[in-house]
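Remarks on the structure that follows.
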Amino acid sequence: MNTNSKSAVQQFIMSARELFAGEQDPVRRWEKMAPLLEALIGDPSIKEQSRNWPVCRQGDDRAQNLLFYEDPEYKFVINGLIKSPKSRTQIHDHAHNWTLYGVLDGHESIERYQRTDDGSKADYADIRQTEKVKVGPGKVDLVAPYQIHAEESGEERTVAIIVRAERAGGFLQGRYDPATKKYWQGYGPEQIPYELQ
Numbered sequence: 004m005n006t007n008s009k010s011a012v013q014q015f016i017m018s019a020r021e022l023f024a025g026e027q028d029p030v031r032r033w034e035k036m037a038p039l040l041e042a043l044i045g046d047p048s049i050k051e052q053s054r055n056w057p058v059c060r061q062g063d064d065r066a067q068n069l070l071f072y073e074d075p076e077y078k079f080v081i082n083g084l085i086k087s088p089k090s091r092t093q094i095h096d097h098a099h100n101w102t103l104y105g106v107l108d109g110h111e112s113i114e115r116y117q118r119t120d121d122g123s124k125a126d127y128a129d130i131r132q133t134e135k136v137k138v139g140p141g142k143v144d145l146v147a148p149y150q151i152h153a154e155e156s157g158e159e160r161t162v163a164i165i166v167r168a169e170r171a172g173g174f175l176q177g178r179y180d181p182a183t184k185k186y187w188q189g190y191g192p193e194q195i196p197y198e199l200q
């Protein structure tokens with residue numbers, strides 16, 4: 004990452020580090036982080052850079068995210084996600100990981116689900132969709148730990164910047180199939196290092 008000037012990215016990192024140092028309550032911390040991500044995705048230089056970002060693999064057991072930054076002290080990460088038109092994530096959760104998802108370019112639908120069973124039966128989850136909203140550039144979505152959700156891109160390429168409490172990919176996350184009521188776990192997205200200016 005370029006560290007020669009105070010870019011929008013460096014300003015975001017500095018503000019996020021201050022927030023991690025000062026706000027110990029995770030709910031309040033992540034609610035306060037949302038406006039910081041809104042400012043980052045609102046910066047024209049970020050959208051311009053995103054035109055050259057590679058498309059990330061989606062839809063199979065191991066998706067991909069670009070890894071722009073991992074904080075050495077607080078462990079939060081900044082990821083990029085580029086989806087081809089009409090691509091969809093699996094219905095999933097992020098386990099214990101807090102996540103902010105900011106749409107930089109394109110449009111997509113965000114779906115939320117609620118588990119209706121008690122979780123006592125192995126490899127089984129009865130879920131129902133509780134929300135489906137269409138979002139576009141500038142929208143930031145806060146995904147709490149274990150919140151079940153999915154995203155589907157629209158007719159054009161969709162680009163998002165994601166901020167997570169820690170790097171995904173090294174721990175198991177929930178996966179859900181509402182048609183078969185199957186539940187299983189898999190590792191989060193493969194992290195592809197990529198320089199962001």
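Residue numbers are given in the numbering used here: position 12 of the sequence shown equals residue 15, and the series is strictly consecutive.
Glycine included, every Cβ here is placed at the ideal spot set by N, Cα and C.
These numbers come from a predicted model, not from an experiment.
query: Sorted by chain position, which residues of the same chain lie with C-beta nearer than 8 angstroms to S53's C-beta, five sequence neighbours on each side aside?
result: G83, I85, L107, D108 and V162
- request: With DSSP as the reference, label G173 as helix, strand or coil.
  value: G173 falls in the coil class under three-state DSSP.
message: For Q27 and W33, what's the separation of their Cα atoms in angstroms?
response: For Q27 and W33, the distance between alpha carbons rounds to 10 angstroms.
Meets three-Cβ-pair contact criterion under 8 angstroms: the region 129-144 and the region 56-76: no
- request: Verify whether the separation of the beta carbon atoms of R156 and E114 is less than 7 angstroms.
  value: One point to set straight first is that residue 156 is Ser, not Arg, in the sequence displayed. It is not a contact, given that the beta carbons lie outside the stated cut-off.
message: My output table needs one value for L84: the three-state DSSP class, helix, strand or coil.
response: Of the three classes helix, strand and coil, the one that applies to L84 here is strand, per DSSP.
- prompt: To which residues of the same chain is V58 closer than 6 angstroms at the C-beta, ignoring the five residues directly before and after it?
  reply: Scanning its chain for C-beta atoms nearer than 6 angstroms, with the 5 sequence neighbours on each side dropped, one finds around V58 the residues I85 and S87, in chain order.
message: For a minimum of 3 consecutive residues, which ranges assigned as the beta strand (DSSP E) are wholly contained in the region 39-79?
response: 67-73
- request: Assign Q67 to buried or exposed, taking buried as 16 or more other Cβ atoms, counted over all protein chains shown, within 10 Å of its Cβ.
  value: buried
query: If you draw a straight line from the alpha carbon of K78 to that of V138, how long is it in whole angstroms?
result: 28 angstroms
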